[in-house]
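Notes follow the structure.
This is how it looks when you write it as structure tokens:
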């Protein structure tokens, strides 16, 4: 008997059965064979940070964290899932349980599964409590609570017998994690023998260069942060990855950080902390208007309007009030109809379906109707609707699974403090007005980090744009995208649609969506 994770999980199951999951903290994907009940008990962590894939053919349960391990088995049919193809080409990620291969499924986040002679039986074992409240009246109390919670989450996720690696972009999220880790280390409260910081060096690329902020963090903390060149993997690397592992090979803005993972591993670290999730769970939305309106808190509503008017002027304030105050309170059907009229199916001016064949358009419409998340109508505040959508986001699951595998191949365990269930739960109980004020995002987080982060970072209002990671490939991909792939897959996309999309690439008004969509086409083609 040891204190290894597997031993503790087994003892927990013996003591509590499937209810053990309420007492298991952290990220996990587990399978326990219950010989007495003659069934397998499977579970995935609350956020879905650890991958869990499985195949059931009526007789045999096969499970893995990497798809190719199942795909190569003789009894598993390699049949391409055109539905997932439609989602990627339509830039609308919907399914949380499907993969690119029919019959190979994901166990969804916060779900457990019992598999016996009658097949899989799935149960959702966790969801955020939308009715939970904190006994605070003053904003300062929320700030103090958050800082203590954040410190505890970082401390718990820092456990390692080797130096802790931290990605430090110079933004508010990853910089806060590194600063807190250093703070805990100096107080002898960090369960690791030290910390090392790493950042990407985009010197000479103004939109992506964050070195001035990263250096401000390093100076403030008195620590060195290693500068690593962004990875530009050749196109052949992506094709090889897709064919070897049977997975979409990822997007360049994710692969660009591979050098950090490899350097941290070479330096002797086995755990990497990253700031992914900060935008989702410590940022806010302007639905503070709707929340104040719905609750009849007229003084709070006046303060929100006054703050926004002072910071952004009357025109923007009125627009925000209509969009985030009146619109969210309309009935669902009216909101859906207005959204359809206003967007005309476009995102940032890009018609995501224009390049799809009629068959692909039909398929994406069918899947949209099937997978559109149905959340409980009873929520405590309007902002929780968007939070539930983020929690159920299929793309987020895909992106985190991809990053998890990349880190694993580099010999690192990836940990995400902002995707801790307690941080997520805190976000659900926090009024939107505490996280966004005027143009100042993450206000509560900024306030809590006073003293830990330099003023330059605390006051930062810009975000890096990493579309250079895509655009650097576009010239060499032109013929492949506009001629070769359409010729190979006329059932997927229209040649004219691809050409039009390629012509839109690089234009700022489209916010990078043409590049994203064309890379999806390249990645899907690489799978076959």
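In my numbering, the protein residues as written are 22 to 549.
Glycine included, C-beta positions come from ideal geometry on N, C-alpha and C.
Classify residue 539 as buried or exposed, calling it buried when 16 or more other Cβ atoms lie within 10 Å of its own Cβ.
buried
For the alpha helix (DSSP H) that residue 7 lies in, which residues bound it at each end?
Residue 7 lies beyond the stretch modelled for the chain, which goes from 22 to 549, so this question has no answer here.
Touching by the beta-carbon criterion (3+ pairs, under 8 Å), the region 453-463 and the region 296-312:
yes
By a C-beta neighbour count over all protein chains shown, 10 Å radius and 16 as the cutoff for buried, is residue 233 buried or exposed?
exposed
Cα separation between residue 464 and residue 289?
36 Å
Touching or not, the region 374-388 and the region 506-526, by the rule of three or more beta carbon pairs under 8 Å?
yes
Going by DSSP, which residues form a beta bridge with residue 269?
DSSP, once it has assigned bridges, lists no residue as partnering residue 269.
Between residue 229 and the rest of its own chain, which residues show a CB-CB distance below 7 Å, the 5 nearest in sequence each way excluded?
223, 485, 486, 487 and 489
Quick check on the DSSP output: the beta strand (DSSP E) that includes residue 149 runs from which residue to which?
Taken as a continuous stretch (DSSP letters only), residue 149 belongs to no beta strand (DSSP E), as it is neither H nor E.
Using DSSP's beta-bridge definition, name the partner residues of residue 61.
54 and 136
Using the Cα positions of residue 204 and residue 218, report the straight-line distance between them to the nearest angstrom.
13 Å
For residue 83, three-class secondary structure by DSSP:
strand
Look at the alpha carbon of residue 55 and the alpha carbon of residue 142, and state the distance between them as a whole number of angstroms.
15 Å
Starting from residue 106, trace the alpha helix (DSSP H) both ways and give me its first and last residue.
103-110
Could you tell me the distance, in whole angstroms, from the CA atom of residue 180 to the CA atom of residue 292?
8 Å
Could you spell out where the beta strand (DSSP E) holding residue 76 opens and where it closes?
74-77
Reference residue 211, options 235, 220, 177 and 385, closest by Cα
177
Other residues of its chain near residue 112: CB distance less than 6 Å, five sequence neighbours each side excluded
373 and 538
With residue 307 as the anchor, note down where its alpha helix (DSSP H) starts and where it stops.
Looking at the DSSP string, residue 307 is not in any alpha helix (DSSP H), and its letter there is neither H nor E.
Ordered list of alpha helix (DSSP H) runs contained in the region 386-461, each at least 4 residues
404-412, 415-430 and 442-450
Closer than 8 Å is the cut-off here; do at least three beta carbon pairs connect the region 345-365 with the region 80-93?
no
Nearest CA to the CA of residue 242: which residue from 197, 144 and 258?
197
Quick one: grab the DSSP three-state call for residue 165.
helix
Proximity below 9 Å, CB of residue 33 to CB of residue 128
no
Does residue 215 come out as helix, strand or coil in the three-state DSSP assignment?
coil
If you count every other CB in all the chains shown that lies within 10 Å of the CB of residue 245, and 16 or more means buried, which is it?
exposed
Which value, in whole angstroms, describes the spacing of the CA atoms of residue 480 and residue 462?
10 Å
Whole-Å CB distance - residue 101 paired with residue 122, under 8 Å assumed:
7 Å
Rounded to whole angstroms, what's the CA-CA distance from residue 554 to residue 240? Just pull it up for me.
Beyond the ends of the chain as shown, which are 22 and 549, falls residue 554; an answer cannot be given.
Among residues of its own chain, excluding the 5 on either side of residue 432, which ones have a beta-carbon nearer than 8 Å to its beta-carbon?
286 and 291
Buried or exposed, going by whether 16 or more other CB atoms sit within 10 Å of the CB of residue 496?
exposed
Considering Cα atoms alone, identify which of 145, 109, 98 and 75 is closest to residue 39.
145
Using a Cβ cut-off of 9 Å (strictly closer), state whether residue 61 contacts chain C.
Looking at the structure shown, chain C is missing, and only one protein chain is on hand.
Under the assumption that residue 265 contacts residue 89 (Cβ atoms under 8 Å), give the Cβ distance between them as a whole number of angstroms.
7 Å
How do the region 156-169 and the region 411-428 stand: do at least 3 beta-carbon pairs fall below 8 Å, yes or no?
no
Which residues in the same chain have their Cβ closer than 6 Å to the Cβ of residue 469, if we skip the five residues on either side of it in sequence?
164, 167 and 168
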